[in-house]
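Down below is the structure, laid out as structure tokens.
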Amino acid sequence: MVRRRITQRRTSRAALIVLILCAQMLIILASCSARLPRKHLPEPVLPNHPEILNLYWESWRLVNNARYQGTRLNGFPDQYLNIENGSVINQWPTLSSALFAMYGYRDFPVMQTLDLFYNKQRSDGFIARTYIVNSGDPLHLPTQLDPMINPPLFAWVELKYFTLSGDSVRLRQVFPKLERYFAWIDQFCRGKYEATDLYYTTAIGSGMLNLPRGDVEHGGWTDLTAQMALFAEQLARIAGILNVPERERYYHERYLSISRAIQSKLWNPDSSFYYDYSREGKTSFLRTINGFWPLLAGIPDTDQARRLIGYLKDPNDFAPKHMFPSVSVREIDYNPLGFYWRGGVWGISNYMIIQSLKRYGETEFAREAAWNHLKNMAEVYRGFDLSVDAECPEPESGMAGKIWEVYAPEKVCPGTNWNAQNLCRPDQISFSGHGPISMVIEDILGFQTDAPEDELRWHMTRADRHGIRRLGFGDNTVSVWTEPDTVRPEVLTLAGSTDSEFKLIIDTVQDSFLVNFDPGPIAVSFLPADYLLRGRFSQQ
0 MVRRRITQRR
10 TSRAALIVLI
20 LCAQMLIILA
30 SCSARLPRKH
40 LPEPVLPNHP
50 EILNLYWESW
60 RLVNNARYQG
70 TRLNGFPDQY
80 LNIENGSVIN
90 QWPTLSSALF
100 AMYGYRDFPV
110 MQTLDLFYNK
120 QRSDGFIART
130 YIVNSGDPLH
140 LPTQLDPMIN
150 PPLFAWVELK
160 YFTLSGDSVR
170 LRQVFPKLER
180 YFAWIDQFCR
190 GKYEATDLYY
200 TTAIGSGMLN
210 LPRGDVEHGG
220 WTDLTAQMAL
230 FAEQLARIAG
240 ILNVPERERY
250 YHERYLSISR
260 AIQSKLWNPD
270 SSFYYDYSRE
280 GKTSFLRTIN
290 GFWPLLAGIP
300 DTDQARRLIG
310 YLKDPNDFAP
320 KHMFPSVSVR
330 EIDYNPLGFY
340 WRGGVWGISN
350 YMIIQSLKRY
360 GETEFAREAA
370 WNHLKNMAEV
380 YRGFDLSVDA
390 ECPEPESGMA
400 GKIWEVYAPE
410 KVCPGTNWNA
420 QNLCRPDQIS
430 FSGHGPISMV
440 IEDILGFQTD
450 APEDELRWHM
460 TRADRHGIRR
470 LGFGDNTVSV
480 WTEPDTVRPE
490 VLTLAGSTDS
500 EFKLIIDTVQ
510 DSFLVNFDPG
520 PIAVSFLPAD
530 YLLRGRFSQQ
């Protein structure tokens, strides 16, 4: 009897030890999964600017903290990102953050998060802007007053991902879902009366909560209408990639039709700007950031684009200390401290504008704007005057070393939120990660991937040591950077490595040329006179 009790005690003790060890292992595994996979992510080579690198890695830390697991109840994917870490998941911040988080697509469930929304799509094509995390149900259903959408940017994200991954299988899978979503918005978000060839949404639906609009309810909203033109253009591109010529023609015609309506009703030739339009056919003369969405869709002609871009270069319009405020400096509704979308500088709208500038050949100004945005973010990251105004001092602890939701256009500080008094939210990356990640890779360092062609284009504009390590695109992982020669500064030397064959296209001020690399180390030098090359390469 005594032996049996001793044996039972030993068995119970052993079971308890096993249970404790399992719990410890789970804690260790959880901590490991939460650790930033830094050695798997692209690493900018920019040793002269540690302040930019601090922003870069802090952005990835915040992305890494947004990993979640779906449940049987909510029907979400096994792994997904919820950047805002809330009890709901929103379409607008999800699509916004995907535009930069996809540079870590091999480690983060970026596109799986888009699948979350596709999987919830109704048979009629509707995709809700918000889903409840616990149940997986839409937070709201559409009505005639509010269609309950967000900016329809899925195709923009999918095409950018295609250039990074080369995954045409995914494009074929999502194309029908994108088509149905386009058709739903086309049917249910048309303006009324004089604006039936334009599109409307709501303040919340636009993603720009308190942007001044005027009386344009059920009229023609410049941002959504231009986004629908962009959607159509991108669906045409996807159809072309998938070799579906009849759909390519259809969406090209839709793009042209929407573009004509924008040019006819939203463009004002006297002031050279795109404005919202009421259902009675009246223009709402408020100059805001939404007037630049037609640039991204390639709608203005060359002369119109030149005049429109002029506003972005004017300190009295959209070029104060921190470019580009959401409302023109000249407008009565402009707030120099931000007030959310009444003057605040947002990463998503800055990224939209910078992509638009490059579409119209304004690459130098695009780089200048990206650098302006990053330097201002870095100043705030180091620290700032915490007293937003005399009546609203902020606490001074723990404010430095953070990335903020929105930034003030005229002061080195975060922007104020929708009450115009308190600072916006810190550690909010969904609308602010474009600068530290995408703009660093694409504009400051100058890289552009084309995974379907195994090509990496490098717009080389810097003289210092710069480049990137572990840039993954398609089946390639490439590290390449410059090694300036202090004795012979006219010689350009590249170093690095690649694990597969790829083509590097180098664009300099003087010339553009292509170099093929085999797997192995990269060691190549260029002389400006004849591009003398040495190392593992072949030139075409």
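Each residue of the sequence shown is one higher than the one before, counting from 0 in numbering that gives the first Met the number 0.
Using N, Cα and C, we set each Cβ at its ideal position, and we do this for glycine too.
Quick one: using the 10 Å Cβ neighbour count with 16 as the cut-off for buried, is residue i buried or exposed?
i	result
H139	exposed
L210	buried
Y192	exposed
S355	buried
L163	buried
I428	buried
S499	exposed
P299	buried
Q226	buried
R487	exposed
P319	buried
I331	exposed
L113	buried
G219	buried
P314	exposed
N63	buried
L72	exposed
R329	exposed
K38	exposed
P435	buried
D474	exposed
R34	exposed
S30	Confidence in S30 is poor, its pLDDT being 35 and thus under 50, which makes the residue's placement unreliable; the coordinate value appears in the next sentence. So S30 counts as exposed.
E489	exposed
V508	exposed
Between residue i and residue j, what straight-line distance do the alpha-carbon atoms span, to the nearest angstrom?
i	j	result
L144	F107	37 Å
L177	D384	46 Å
D510	L503	14 Å
C391	K410	Per-residue confidence for C391 stands at a pLDDT of 42, beneath the threshold of 50, marking its modelled position as unreliable; no derived number is given.
Y530	N421	With a pLDDT of 47 at Y530, under the threshold of 50, the predicted position of this residue should be treated as unreliable, and no value is reported.
K119	L526	56 Å
Y359	A100	25 Å
Q172	E247	16 Å
G534	L98	Only weak support is given to the placement of G534: the predicted model assigns it a pLDDT of 41, under 50, and the question is left unresolved by the model.
I88	T129	6 Å
L373	P413	13 Å
L294	L152	15 Å
G495	A407	39 Å
F161	R169	8 Å
C188	N53	42 Å
S205	R179	20 Å
T326	R305	Before going further, note that residue 326 is Val rather than Thr in the sequence given. Taking the straight line joining both Cα atoms gives about 19 Å.
A522	S122	54 Å
D442	P36	24 Å
I261	D196	9 Å
Could you tell me whether any Cβ in chain C is nearer than 8 Å to the Cβ of residue i?
i	result
V156	The displayed structure is made up of one protein chain only, and chain C is not part of it.
Report yes if the CB atom of residue i is closer than 8 Å to the CB atom of residue j, and no otherwise.
i	j	result
L241	A296	no
L493	H465	no
Y333	P324	yes
Y104	V439	no
I347	A369	no
Q90	Q111	no
D517	H458	no
E232	Y198	no
V132	L94	no
G74	G135	yes
E361	I308	yes
I467	F446	yes
R381	A399	yes
G471	T415	no
E57	I402	yes
A65	N84	yes
N267	Y276	no
R469	T476	yes
L265	T221	yes
Pull the bridge partners of residue i from the DSSP assignment, please.
i	result
A494	W480 and A522
N89	T129
L455	T448 and L503
T415	L422
W266	Y273
Can residue i be considered in contact with the ligand SAM, in the sense that its beta carbon sits closer than 7 Å to one or more heavy atoms?
i	result
D77	Among the ligands in the structure shown, none appear at all, so the ligand SAM cannot be discussed.
> Would you call the region 183–191 and the region 145–153 in contact, with 3 or more CB pairs under 8 Å?
Replying inline: The count of Cβ pairs closer than 8 Å, one atom from the region 183–191 and one from the region 145–153, reaches three, so the stretches are in contact.
> Do the region 202–219 and the region 272–292 meet, that is, are 3 or more Cβ pairs less than 8 Å apart?
Replying inline: Yes, the region 202–219 touches the region 272–292.
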